[in-house]
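Trainee: One structure is given below, represented as structure tokens, and several questions about it will come after.
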Amino acid sequence: MIGTRAMLFEAPGAFTMAHQRRIWALMEAAQARPDVQELIPGVTNLMLVFSTPPEQPGHVADWLRHAWETLPERHIKGRLFEIGVRYGGALGEDLAAVAAHAGLPPQDVISIHHGSEYTVCAIGSAPGFGYLHGLDPRIATPRKAVPSLKMLAGTVTIGGMQAGISALTGPNGWNSIGYTEICLFDPHREPPALFAIGDRIRFYPESIEL
Numbered sequence: 546m547i548g549t550r551a552m553l554f555e556a557p558g559a560f561t562m563a564h565q566r567r568i569w570a571l572m573e574a575a576q577a578r579p580d581v582q583e584l585i586p587g588v589t590n591l592m593l594v595f596s597t598p599p600e601q602p603g604h605v606a607d608w609l610r611h612a613w614e615t616l617p618e619r620h621i622k623g624r625l626f627e628i629g630v631r632y633g634g635a636l637g638e639d640l641a642a643v644a645a646h647a648g649l650p651p652q653d654v655i656s657i658h659h660g661s662e663y664t665v666c667a668i669g670s671a672p673g674f675g676y677l678h679g680l681d682p683r684i685a686t687p688r689k690a691v692p693s694l695k696m697l698a699g700t701v702t703i704g705g706m707q708a709g710i711s712a713l714t715g716p717n718g719w720n721s722i723g724y725t726e727i728c729l730f731d732p733h734r735e736p737p738a739l740f741a742i743g744d745r746i747r748f749y750p751e752s753i754e755l
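Counting from 546, one number per residue, gives the positions in the sequence shown under this note's numbering.
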């Protein structure tokens, strides 16, 4: 439980698409519960917010465990976004550090990054920010020990085994490898967030500055 009206389900195991699709299946099943007011899917987790505090949280937890063990994966066929990236340069200042960590030339890091297709697994952390699955393990890089204080919205990033695009300008501990002009969140747009769960992302280089 988180407080009196929320419960967080954490999936066991690694961050895989199979696990994420089961979280989506759990989300779909939980939507039918009359006691659930809101559902917030994350990366291999799901938060349930109840209309009133559950009288028997253990029964809800048992229902979640049973659903997790028995439900088939839920596949969401989202849209495909092809996104141009200006790799390197001042707005991709951590490209060299990612290359050093991977033991690869920066050009190879760029080729590997845009050679994959990514899936939006969850929206969160900042409005419109999509957690992307599909990063090649060869260029996975831990988040920075000292965050950038003002990383621009649109910065293309790597954080551990995940790829991302900064949705808002501000402090950020992910590694910047490039920049795109795409706007991920606009409060005047409907819906405000550009990405949705299940969308697919392909990057391509608009320019490279090493």
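C-beta: ideal position from N, C-alpha, C; glycine also.
Contact defined as beta carbons within less than 8 Å: I believe R745 pairs with G603. What is the distance between those atoms, to the nearest angstrom?
Mentor: In the sequence shown, the residue the question calls residue 745 occupies position 200. In the sequence shown, the residue the question calls residue 603 occupies position 58. Wrong, their Cβ atoms sit about 38 Å apart, outside the cutoff.
Trainee: For the alpha helix (DSSP H) that L571 lies in, which residues bound it at each end?
Mentor: Translated into positions along the sequence shown, residue 571 becomes position 26. That run of the alpha helix (DSSP H) goes M562 to A575.
Trainee: Smallest Cα separation from R619: which of I742, E754, Y749 and L755?
Mentor: As a working mapping, residue 619 is identified with position 74 in the sequence shown. R619 has its Cα closest to that of I742, out of I742, E754, Y749 and L755.
Trainee: So G675 and V691 are in contact, right, with Cβ under 8 Å, and what is the actual spacing, rounded?
Mentor: In the sequence shown, counting from the first residue as 1, residue 675 sits at position 130. In the sequence shown, counting from the first residue as 1, residue 691 sits at position 146. Under the criterion of beta carbons closer than 8 Å, G675 and V691 do not qualify as touching, at roughly 25 Å.
Trainee: Can you give the Cα-Cα distance for Y749 and W613, rounded to whole angstroms?
Mentor: For the purposes of this step, residue 749 is taken as the residue at position 204 of the sequence shown. For the purposes of this step, residue 613 is taken as the residue at position 68 of the sequence shown. Rounded to whole angstroms, Y749 to W613 spans 37 Å at the Cα level.
Trainee: List the DSSP bridge partners of P750.
Mentor: Numbered from its first residue, the sequence shown carries residue 750 at position 205. In DSSP, P750 forms a bridge with V630.
Trainee: Taking the alpha carbon of I655 as the point to measure from, which residue in A575, L677, G705 and Y632 has its own alpha carbon closest?
Mentor: Residue numbering aside, residue 655 sits at position 110 when the sequence shown is read from its first letter. The shortest C-alpha separation from I655 is found at Y632.
Trainee: On the premise that T714 lies in contact with K695, defined as a C-beta separation below 8 Å, what is that separation, rounded to the nearest angstrom?
Mentor: Within the sequence shown, the letter at position 150 stands for residue 695. Within the sequence shown, the letter at position 169 stands for residue 714. That belief holds up - the Cβ atoms of K695 and T714 are roughly 6 Å apart, short of 8 Å.
Trainee: Is the separation between the beta-carbon of M710 and that of T686 shorter than 8 Å?
Mentor: As a first step, residue 710 must be located in the sequence shown, where it is residue number 165. As a first step, residue 686 must be located in the sequence shown, where it is residue number 141. Residue identity differs from the one stated: residue 710 is Ile in this sequence, not Met. The answer is no: Cβ separation not under 8 Å.
Trainee: Taking only the alpha-carbon atoms, compute the straight-line gap between L636 and T700 and give it to the nearest angstrom.
Mentor: The residue given as residue 636 occupies position 91 in the sequence shown. The residue given as residue 700 occupies position 155 in the sequence shown. So the two alpha carbons sit approximately 7 Å from each other.
Trainee: Since T506 is in the beta strand (DSSP E), which residue starts that stretch and which ends it?
Mentor: Nothing about residue 506 can be reported from this structure: the residues present for the chain run from 546 to 755 only.
Trainee: Would you identify the three-state DSSP class for P586, choosing helix, strand or coil?
Mentor: As a working mapping, residue 586 is identified with position 41 in the sequence shown. P586: strand per DSSP, three-state reduction.
Trainee: In this structure, what does DSSP give as the bridge partners for R745?
Mentor: Residue mapping note: residue 745 aligns to position 200 of the sequence shown, counting from 1. Paired residues: L625 and T664.
Trainee: Kindly indicate which residue of N590, L616 and L697 has the alpha-carbon position closest to the one of F560.
Mentor: Here residue 560 corresponds to residue number 15 of the sequence shown, with the count starting at 1. Answer by Cα proximity: N590.
Trainee: Tell me the rounded alpha-carbon separation between R610 and G634.
Mentor: If you number the sequence shown from 1, residue 610 lands on position 65. If you number the sequence shown from 1, residue 634 lands on position 89. Distance between the alpha carbons of R610 and G634 is about 47 Å.
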